[in-house]
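To start, the structure itself, in structure tokens.
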Amino acid sequence: MAAETGDICDLGPFKRLILSPLFVRTISKPGGILSSITQGANEFASTVRVHLGSRSRKVKHHKGMPSESSHDDSNDDSSSETTLNSNQKAKESKVTGGSAQRSVENEHYSSESDGRELVSEPIRLSNDETGGVKLKYALSELPADARPLLVFINKRSGAQRGDSLKHKLHFLLNPVQVFELSSSQGPETGLILFRKVPHFRILVCGGDGTVAWVLDAIDKQNYESPPPVAILPAGTGNDLSRVLSWGGGLGAVEKQGGLCTVLHDIEHAAVTILDRWKVTVEDKKSKNVLLVKYMNNYLGIGCDAKVALDIHNLREENPEKFYSQFLNKVLYAMEGAKSIIDRTFVDLPWQVRLEVDGTEIDIPEVVQDLEGVLVANIPSYMGGVDLWQNAFMLRRAIEEPLGHAAAIITDVLEHAESRHVITASQKRALLQEVALRLA
1 MAAETGDICD LGPFKRLILS PLFVRTISKP GGILSSITQG ANEFASTVRV HLGSRSRKVK
61 HHKGMPSESS HDDSNDDSSS ETTLNSNQKA KESKVTGGSA QRSVENEHYS SESDGRELVS
121 EPIRLSNDET GGVKLKYALS ELPADARPLL VFINKRSGAQ RGDSLKHKLH FLLNPVQVFE
181 LSSSQGPETG LILFRKVPHF RILVCGGDGT VAWVLDAIDK QNYESPPPVA ILPAGTGNDL
241 SRVLSWGGGL GAVEKQGGLC TVLHDIEHAA VTILDRWKVT VEDKKSKNVL LVKYMNNYLG
301 IGCDAKVALD IHNLREENPE KFYSQFLNKV LYAMEGAKSI IDRTFVDLPW QVRLEVDGTE
361 IDIPEVVQDL EGVLVANIPS YMGGVDLWQN AFMLRRAIEE PLGHAAAIIT DVLEHAESRH
421 VITASQKRAL LQEVALRLA
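In our numbering, the protein residues as written are 1 to 439.
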């Protein structure tokens, strides 16, 4: 088509984020039919590369146009964590930053005087580097200005719209960049594939739990400079995404221009550092370490933790119930109300000792409605509530437990209405449903 129209093959406005097919090779068993097909495809790609380079120089010579276009666009979509350039102006939305020095080994340039053409060998990873993970593809050395995006999608997050997101990202990026997370495939496969790619970025499509999963996997890779991470909020609460200015849900993202706007923001976002807390669980008597976790958002002990666990178990048993971000929040509110009514942790003040920076903090035993301790790392809790600014969530209830539960749910729904998350009629219907459930 380029020969017929005179147009140059271009990846469009997101060319730095797109992993060009010219730099992706399929790994196959030697001697098999797939190997022959792959070899033929690679030869074809090389021919196309040479043709495009030649065509580019001809266009430049005859039309006086630059041989390189400023941007790229692709019909492929991929999932990746985003590497943000701290010198670029943008929203403060990245979680962690990282870059690597580009190796110039195995690079070859054409001898044409008008321009250079990069023809590089695929990056080879040893068995130790892959950690036993079987890769389907190998990546060649990318151009110096490439900032390829590695995308991770959790289809079970929030309203479970992962299939739609995956389809759209495949259209916008290269499908090789997009990885679907599951119980059988974690983030490691994508991270290992991109391990030797300089300046790659990551996009996590999921909720706070998915982001934590990916950040933990990044830590285990021991990057000298970890790749920055952007978030497409597809979960229920999306508290970390809110704090980092990526939005509170997919609805808000769509109103602001959808995935194209997200990709643009990834290109121009500033890198910020997230302080992650190490949480160690020890046996009280033996002092043996039972569990080590890393906390991004907050750590709840008592009522808060029980609600989160109950919702997790309910999602595992009945994933079809979690089809709407708002209804997911209602389920959280309902579980919280039941926990308050049951007074499950009424004796919590006598079971917990709180020490901060070596100083013990008194937990007042006289507070009758104290059923939880929350250690917060970010100013957003349970879907956007700032515990230091929205006093209604900290209001002490003098009423009996049933009234306490009803008051909290009413406040949550009124807050949702004021933020235009729900309409007045939806609020009335939900309040009626809550009244029936609590009756």
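Here a beta-carbon is modelled for each residue, glycine too, at the ideal position from N, C-alpha and C.
- Two segments are said to touch when three or more pairs of C-beta atoms, one from each, lie closer than 8 Å; by this definition the segment 199-206 touches the segment 222-232.
- Under DSSP, no beta-bridge partner is assigned to residue 287.
- With fewer than 16 other beta carbons inside 10 angstroms of its own, residue 283 counts as exposed.
- When secondary structure is reduced to three states using DSSP, residue 171 falls in the helix class.
- Taking all protein chains in view, the Cβ of residue 177 is crowded by 16 or more other Cβ atoms within 10 Å, so the residue is classified as buried.
- Taking every protein chain shown into account, the CB of residue 15 has 16 or more other CB atoms within 10 angstroms, so this residue is buried.
- Where residue 133 is concerned, there is no enclosing beta strand (DSSP E), because DSSP gives it neither an H nor an E.
- The beta carbon of residue 375 sits closer than 7 Å to the beta carbons of 298, 299 from its chain, once the five residues preceding and following it are set aside; these are given in chain order.
- Under the three-state reduction of DSSP, residue 200 is assigned to coil, being neither helix nor strand.
- The way I'd put it, the segment 260-279 does touch the segment 289-297; three or more beta-carbon pairs between them come closer than 8 Å.
- Excluding five sequence positions before and after residue 145, the CB atoms of its chain that fall closer than 8 Å to its own CB belong to 16, given in chain order.
- Its chain contains 409, 412 as the residues whose beta carbon lies nearer than 7 Å to that of residue 333, once the 5 sequence neighbours on both sides are disregarded; these appear in chain order.
- For residue 209, there is no enclosing beta strand (DSSP E); the enclosing alpha helix (DSSP H) covers residues 208-220.
- DSSP, reduced to helix, strand and coil, places residue 270 within a strand of the structure shown.
- Distance between residue 197 and residue 142, taken at the CA atoms: about 8 Å.
- If you draw a straight line from the Cα of residue 385 to the Cα of residue 304, it comes to about 14 Å.
- Listed as beta-bridge partners of residue 230 by DSSP are 203.
- The Cβ atoms of residue 296 and residue 219 lie no closer than 8 Å to each other.
- If you draw a straight line from the Cα of residue 147 to the Cα of residue 12, it comes to about 14 Å.
- Boundaries of the alpha helix (DSSP H) around residue 307: 303-317.
- Residue burial annotation: residue 360 is exposed, with fewer than 16 other C-beta atoms found within 10 angstroms of its C-beta.
- Under the DSSP assignment, residue 250 falls in the alpha helix (DSSP H) whose first and last residues are 250-255.
- Excluding residues up to 5 positions away in sequence, 79, 179, 181, 187, 204, 214 lie with their Cβ nearer than 6 Å to the Cβ of residue 152 in the same chain.
- Taken through DSSP and simplified to helix, strand or coil, residue 244 comes out as coil.
- Cβ-Cβ distances below 8 Å link residue 427 to 413, 414, 416, 417 in the same chain, with the five nearest sequence neighbours on each side left out; the list follows chain order.
- Taking 8 Å as the upper bound for CB-CB distance, residue 253 and residue 379 are not in contact here, some 21 Å apart.
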